[in-house]
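Data first, discussion second: the structure below is written as structure tokens.
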Amino acid sequence: MTAQSLQFSSARLIDGTGAPALEHATVTVEGGRIAGVYPDGAPVSAGALEVDLRGKTLMPGLVDAHVHVTAFDMPAALKGQQAIAPEVRHHLIAQGLRRMLRMGITTVRDVGAFGDHLLHARQAVRLGAIPGPRILACGRIISATSPGGRHFDGMYREADGPHEMRKAVREQFRRGADFIKIMTTGARSCELENSSPAQITGPEIATVVEEAHRMGYRVAAHCEGLDGTQLAIEEGVDTIEHGLELHRAPDLLEELARSERVLVPTLSCFFHISENRASRWAPGLVELAHRQLEDAHRTVEAARRTGVRLAMGFDSQPNGQSALELVRLCQAGLTPMEAIVAGTATSAIACGLADHVGTVTSGRTADLIVIDGDPLADPELLLDERHIWLVVQAGRPVAGTALETELAGLRGERPEPDPVPALAGRPLA
Ligand SMILES: [Zn+2]
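For the sequence shown, this note's numbering assigns the number 1117 to the initial residue and increments by one for each residue that follows.
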């Protein structure tokens, strides 16, 4: 089935490039692509379905450049209850992906998943079996032999020395990765790791970057301490994940700005540990997260001043709440327009998809969202599903309040507890 031709009229248009919003724009969509952008409106073309967007804002679908779709906690069975089967995880992953799409997230770059569940989900989305954003996957995260390798069992591929690193990179190509993720430092979320020294050596990173780039893949690097961050920047990785200590190294920020590489600050993950979920984390890590959150804020400010490209990376749960990172970027000093650019065009650059998504430009894939209201005046609208009026994926309306019934508000999310007892359907003995 080919996608319907659509004509969005009278829209406030935020095109994702950072250009000022247009107030009465028309955008046409044909064959899954953006066919035309008309700042002052246009006559309705024959055969197109016109959608009047008066009072609403049209913008690119959100792109989250740093997620871990599968890294949620499985529900725990109470004592005496039937154990939750591991296979249920697949359905919960599907639920998270559907949620993301509902919230206007049309592309995600997943920077680390346990096992191959995420790769399977990516296939299911491509087959149309489940609704979800476009997924870019890294396969296993490549890391030196490290405490994290044990802590995040199934998420890492440990490798030591350039030769093993090259093999580890090739294994991810074989697995079906879209890009390569490496750990240049330890992770704050693992008590046994110290993120101050670089965890891998220059020649090891150089080999990873060389092999990935030679084969046409991009490299994302987990960077906390400055030593590892510096190595990553010097050896040519494409995106710096976290990079929270960069405010102490203006020369490295300059180099990122000069080379037009992307920093993904992931403010939310520090909030996640230091506030929201503090009771569940080791006390030392909660304390560390408080300090790191402060560092991360300083880095966002310094990077913005230096002109470094900043992307949106939620790096937290629950799936679907990525715009919280956008709101936090505003709290860290970005204007709402800058935060929206981070969550659209710049995240698309981080994904290597700048020619395809992230802006409302003729010829790009029509991944679009319509917000009921003005997210420039109130970015928190992007967190409220009632204001996500329409989500268009490759030219097809796929989610949003506009597609739901008048009674959508009555719909319960979860059927539990079911008033019918679990044993009620059993035949009488
Ligand atoms: Zn992460």
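Even for Gly, the Cβ is constructed at its ideal location relative to N, Cα and C.
Reference residue i, options the options, closest by Cα
| i | options | result |
| --- | --- | --- |
| Val1227 | Ile1251, Pro1247 and Val1204 | Ile1251 |
| Arg1480 | Gly1489, Gly1134, Asp1488 and Leu1469 | Leu1469 |
| Ile1130 | His1140, Gln1123 and Ser1121 | His1140 |
| His1363 | Val1335, Asn1310 and Thr1422 | Thr1422 |
| Glu1522 | Trp1505, Gln1509, Ala1538 and Pro1537 | Trp1505 |
| Arg1170 | Ser1125, Val1183 and Ala1210 | Ser1125 |
| Tyr1272 | Thr1261, Glu1280 and His1279 | Thr1261 |
| Asp1431 | Ala1229, Leu1519 and His1184 | His1184 |
| Gly1148 | Thr1323, Asp1483 and Leu1404 | Asp1483 |
| Leu1426 | Asp1488, Asp1354 and Ala1192 | Asp1354 |
| Ile1296 | Ala1348, Val1514 and Cys1446 | Ala1348 |
| Val1416 | Arg1502, Val1325 and Leu1383 | Leu1383 |
| Asp1488 | Met1175, Glu1166, Ala1151 and Asp1156 | Met1175 |
| Met1453 | Glu1441, Ala1493 and Ala1466 | Ala1493 |
| Gln1509 | Gly1244, Gly1212 and Ala1538 | Gly1244 |
| Gly1511 | Ile1150, Ala1137 and Arg1128 | Ile1150 |
beta-carbon residue i near ligand 1 non-hydrogen atom, thresh 7 Å
| i | result |
| --- | --- |
| Asp1354 | no |
| His1207 | no |
| Gly1227 | Looking at the sequence shown, residue 1227 is not Gly but Val. Answer for Val1227: yes, Cβ within range of ligand 1. |
| Asp1431 | yes |
| His1236 | no |
| His1182 | yes |
Counterpart residues of residue i in DSSP-defined beta bridges
| i | result |
| --- | --- |
| Leu1506 | Val1486 |
| Lys1297 | Ala1336 |
| Val1143 | Phe1124 and Val1153 |
| His1358 | Cys1339 |
| Arg1425 | Val1378 |
| Ile1251 | Val1224 |
| Arg1512 | Gln1509 |
| Ser1259 | Glu1274 |
| Glu1166 | Gln1123 |
| Leu1138 | Leu1129 |
| Met1175 | Ile1485 |
| Asp1180 | Val1224 |
Residue i and residue j closer than 8 Å at C-beta
| i | j | result |
| --- | --- | --- |
| Leu1369 | Ala1418 | yes |
| Pro1247 | Leu1217 | yes |
| Thr1133 | Leu1178 | no |
| Ser1161 | Val1145 | no |
| Gly1220 | Leu1498 | yes |
| Val1486 | Thr1142 | no |
| Ala1181 | Gly1429 | yes |
| Leu1235 | Gly1270 | no |
| His1323 | Ala1314 | It should be noted that the sequence gives Thr, not His, for residue 1323. Taking 8 Å as the Cβ cut-off, Thr1323 and Ala1314 do not qualify as a contacting pair. |
| Ala1455 | Cys1446 | yes |
| Glu1351 | Val1325 | yes |
| Val1380 | Ala1466 | yes |
| Glu1327 | Gly1277 | no |
| Gly1212 | Gly1541 | no |
Stretch pair the region 1304-1324 + the region 1341-1359: three plus CB contacts closer than 8 Å: Under the Cβ criterion (8 Å, minimum of three pairs), the region 1304-1324 counts as touching the region 1341-1359.
Stretch-stretch touch, CB-based, cutoff 8 Å, three pairs: the region 1401-1415 with the region 1380-1393: With the cut-off at 8 Å, the region 1401-1415 and the region 1380-1393 touch.
Cβ pair count under 8 Å reaching 3, the region 1254-1261 against the region 1278-1294: Counting C-beta pairs closer than 8 Å gives three or more between the region 1254-1261 and the region 1278-1294, which meets the contact rule.
Contact the region 1334-1346 vs the region 1472-1490: 3+ CB pairs below 8 Å: Flag = no, the region 1334-1346 and the region 1472-1490 do not touch.
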